[in-house]
């Protein structure tokens with residue numbers, strides 16, 4: 001002990017009682033732990049909040065309000081010539097069909113004894129979706145024989161009426177809304193009580209095409225899901241073989257030299273390049289230079305392939321590295337060539353890992369939006385694409401882009417649609433990730 | 448001949464080649480497999496590869512080159528009076544292509560006979576109506592010059608396609624014949640096939656380089672065009688962003704860069720403490736049970752697509768911040784703001800920071816911890832004074848990677864940050880970023896010769912350079928750190 005230390009009087013302390021300093025240190029320790037727990041709590045709370053907010057906004061998109069009434073398809077309106085020739089009947093536009101529906105609804109309400117207080121015939125028509133006349137017209141043109149009969153039709157209710165049954169529109173908000181009046185909502189309530197209006201599961205949202213900005217009630221995801229599917233197909237067909245080939249070369253054959261170094265650096269950099277830059281690449285090379293069509297799944301697929309390649313290459317290399325050298329040595333020892341050892345033994349053993357990586361890469365590609373905006377996927381597309389391979393060149397939409405598209409529209413009903421589409425997207429992603437986890441669990445081998 | 452048929456023929460030749468090659472090898476060995484140099488399937492594969500690969504290679508190159516050559520020839524035919532600028536020229540050329548394709552379609556559908564399509568003239572028929580009838584919409588009436596060019600275009604591409612089909616199929620047959628002739632029992636088929644497979648593998652791995660080259664080239668060329676139309680000093684140092692499509696726009700980078708950096712900073716303020724503390728807790732305190740639940744849950748945040756975060760910002764976080772913070776404090780009335788985008792982006796970045804830091808903290812050797820505990824330090828003192836300093840370079844690298852993500856992020860800012868370019872400090876005001884403006888300038892119908900569209904490429908290049916620098920720096924720091932303990 002030094003003199004200085006010996007001269008200062010030592011504080012008396014006991015190991016039974018904690019002194020101030022220890023208390024302070026323990027308090028600090030407790031605080032630090034609390035911070036850590038809070039941080040984890042914040043992370044999980046953010047996740048829960050996000051999911052709850054999306055699901056809460058979106059689950060209503062899967063339910064839809066329908067009006068079911070008997071409609072007389074009057075012959076003098078729909079087929080003035082009376083010869084049931086679809087070509088001639090096609091001259092009657094949707095404007096010719098709309099009055100029929102309005103009339104039918106009015107008559108049915110009278111027959112049921114529901115008073116139309118403060119709702120004039122025009123407002124009554126506004127309660128039916130603008131999509132309904134088009135729907136009836138398509139039905140009549142497909143089957144001209146039904147003209148002249150009275151058939152029971154179920155039609156989409158207008159967006160605001162639909163919103164009323166989903167609590168999006170209330171009597172108070174209707175007073176401020178120029179598109180709907182409280183009287184209409186009261187009438188809708190009465191119609192629901194009489195069983196004319198009901199709300200049920202909305203298949204059309206998943207299978208139907210998009211609709212214009214005035215008819216959110218008719219908008220569906222069919223084209224977008226198909227477009228996304230086509231793109232995933234392109235990505236799978238291109239990225240998996242190219243990624244696996246590149247990884248095999250880099251992991252098994254590549255000599256240590258300048259060239260392979262450059263490739264390695266390139267791959268790790270590409271994995272971190274912002275996705276929008278890939279969109280610029282797609283626009284400049286695939287569309288402006290190679291002249292491929294805009295909004296086509298083939299272009300989207302190519303761009304997403306380039307984006308997913310690094311992910312697949314990194315996963316595949318890890319899977320190849322995990323196969324122990326003894327397997328290669330055994331194959332070589334039995335007289336296989338290096339190529340045979342890799343393709344006959346190493347690759348099959350690495351396959352579960354490669355597939356897991358590929359599925360995760362595909363899931364990433366499925367949710368990617370920004371590059372698709374640049375290659376023109378935002379266009380409004382109503383027609384379903386043809387079957388591949390021609391369909392790959394038809395304009396389509398994609399799931400995430402459809403979400404973005406709907407958020408840009410003014411009608412608040414599209415918020416519900418966008419959230420619903422997000423739920424569909426998330427369900428797809430969860431399924432893909434579960435599949436990847438299952439593959440890993442089922443086939444994972446510890447050496 | 449449609450492309451698909453050419454490919455089908457080549458593939459069929461390959462399949463036949465496999466069977467015949469294999470048979471010939473077996474025949475040359477007199478049916479005794481032991482006399483052959485390689486396994487019989489290698490002889491088949493060899494013939495098959497020789498008939499498919501060169502033919503398809505030529506096909507791909509031809510498909511890329513032919514449109515360029517035809518384009519050049521047809522452009523010469525268009526008189527200078529019709530198209531003076533390059534923008535007008537590209538419009539006229541797209542008309543030419545559409546008319547040419549439309550005529551071909553008309554012939555396919557039987558609206559016109561092949562002869563009629565060849566001799567059609569603008570005086571006698573209204574081509575726009577004729578083509579409109581089969582679903583080919585034209586923006587304007589077809590002039591005689593355009594029609595003439597379109598006919599030339601049809602003629603050239605018709606000839607080109609015919610020549611392509613001929614060359615490809617002949618090449619395929621030649622490859623077939625050559626490989627078939629060489630097939631006999633002493634031929635080293637396996638070595639040849641393996642060499643071919645090897646070159647395919649090498650080719651596949653060069654795609655990474657090609658992509659990078661493609662990215663850089665596509666942006667550099669257009670950016671050079673942009674700087675010919677617009678002064679580079681005004682772009683890099685301009686403080687105003689007012690694009691106008693009549694010309695005379697102000698395209699200054701600074702407000703966009705400020706918006707980008709501001710949002711990134713807000714995002715890091717959210718993500719770094721939360722991510723770092725959760726990483727510390729998970730690595731040092733949490734038991735295996737909590738770890739097995741909390742870690743995957745936090746990592747789920749990284750798997751959620753950015754469009755979902757964007758929607759979250761747009762419909763939930765934005766209105767909430769506006770109603771509870773911005774409006775009561777009198778700071779603004781906009782639901783899209785720096786704070787909205789920054790906070791949501793911060794949530795997105797939590798798992799990046801936490802899982803990278805988690806790995807790094809776990810890589811710190813246990814002996815350091817034991818030494819610290821042995822000296823009487825509490826757990827938190829050990830973390831603060833021993834582990835964090837040791838892990839610091841790695842954590843800095845993780846934060847830099849997160850920052851580079853934030854700078855390049857697009858959908859959250861497109862939906863959450865707004866579109867107004869301004870230099871302001873108020874976090875509740877709408878601002879815009881580089882990525883938002885790239886999307887804004889390039890979506891919809893754009894004329895690729897105006898500075899307003901080309902500026903997007905300059906912005907893209909700036910973004911690319913910025914993120915590349917951050918990534919390289921981060922990797923450098925992380926690598927340097929790793930060497931210390933391995």
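Chains as they are written, first to last, in the numbering used here: chain A, 1 to 447; chain B, 448 to 933. By construction, the Cβ of each residue, glycine as well, lies at the ideal position given by its N, Cα and C atoms.
When the Cα atoms are used, residue 299 (chain A) and residue 507 (chain B) turn out to be separated by approximately 16 angstroms. For residue 32 (chain A), a Cβ of chain B is located within less than 8 angstroms of the residue's own Cβ. Against chain A, the beta carbon of residue 720 (chain B) has neighbours under 8 angstroms at 39, listed in chain order.
Across the region 478-509 of chain B, no CB contact with chain A closer than 8 angstroms is found for any residue. Residue 144 (chain A) and residue 152 (chain A) have their C-alpha atoms spaced approximately 16 angstroms apart. Residue 879 (chain B) and residue 865 (chain B) do touch by the CB rule: their CB atoms are close to 6 angstroms apart, below 8 angstroms. Between the region 157-171 of chain A and the region 184-194 of chain A there are three or more inter-stretch CB-CB distances shorter than 8 angstroms, so the stretches are counted as touching. For the C-beta of residue 826 (chain B), the chain A residues within less than 7 angstroms are, from N- to C-terminus, 29. Under the three-state reduction of DSSP, residue 567 (chain B) is assigned to coil, being neither helix nor strand.
Judged by DSSP in its simplified three-state form, residue 751 (chain B) adopts coil rather than helix or strand. Only residues of its own chain outside the window of five on either side were considered, and among them 469, 472, 473 and 480 have a CB closer than 8 angstroms to the CB of residue 487 (chain B), listed in chain order. The C-beta of residue 256 (chain A) has fewer than 16 other C-beta atoms within 10 Å across all chains shown, which makes the residue exposed. Segment contact: the region 381-396 of chain A against the region 349-362 of chain A, fewer than three CB-CB distances shorter than 8 angstroms; contact not assigned. The closest CA to that of residue 348 (chain A), considering only A:316, A:333, A:97 and A:14, is found on A:316.
Contacts with chain A (Cβ-Cβ distance below 8 angstroms) from the region 858-880 of chain B involve 858, 861 and 862, listed in chain order.
Shortest Cα-Cα distance from residue 521 (chain B) to any of B:494, B:482, B:589 and B:597 involves B:597.
With respect to the 8 angstroms criterion, residue 826 (chain B) and residue 29 (chain A) are classified as neighbours on the basis of their beta carbons.
Across the region 424-435 of chain A, CB contacts with chain B closer than 8 angstroms involve 425, 426, 429 and 433, in sequence order along the chain. According to the DSSP assignment, residue 465 (chain B) belongs to no beta strand (DSSP E) but to the alpha helix (DSSP H) extending over 450-475. In the structure shown, residue 700 (chain B) falls within a coil segment according to DSSP collapsed to helix, strand and coil. Per the coordinates, the alpha-carbon of residue 857 (chain B) lies some 29 angstroms from the alpha-carbon of residue 208 (chain A). Per DSSP, the unbroken beta strand (DSSP E) holding residue 65 (chain A) starts and ends at 63-72. With 16 or more other CB atoms across the displayed protein chains lying within 10 angstroms of its CB, residue 626 (chain B) is buried.
Under the Cβ distance rule, residue 173 (chain A) does not count among the residues neighbouring chain B, no pair being separated by less than 8 angstroms.
Taking C-beta separations shorter than 7 angstroms and ignoring five residues to either side along the sequence, the partners of residue 393 (chain A) in its chain run 293, 296 and 298, following chain order. Counting the other Cβ atoms within 10 Å of the Cβ of residue 693 (chain B) gives fewer than 16, which makes it exposed. Taking C-beta separations shorter than 7 angstroms and ignoring five residues to either side along the sequence, the partners of residue 899 (chain B) in its chain run 690, 692, 696 and 888, following chain order. Look at residue 378 (chain A): its C-beta is under 8 angstroms from a C-beta on chain B. The criterion of a C-beta distance shorter than 8 angstroms is satisfied by residue 904 (chain B) and residue 280 (chain A). Only 39, 40, 42, 43, 44, 46, 47, 50, 53, 54 and 57 from the region 38-65 of chain A bring a Cβ to less than 7 angstroms from some Cβ of chain B. Assigned with DSSP and collapsed to three states, residue 446 (chain A) falls in coil, not helix or strand. Interface residue (Cβ-Cβ distance to chain B less than 8 angstroms): residue 331 (chain A) is not classified as such.
Residue state for residue 155 (chain A) is assigned as strand, using DSSP reduced to three classes. By the Cβ-count criterion, residue 205 (chain A) is buried, with 16 or more other Cβ atoms from all chains shown falling within 10 Å of its own Cβ.
In this model, residue 926 (chain B) and residue 920 (chain B) are separated by some 10 angstroms (Cα to Cα).
In the displayed model, residue 201 (chain A) falls within a strand according to three-state DSSP.
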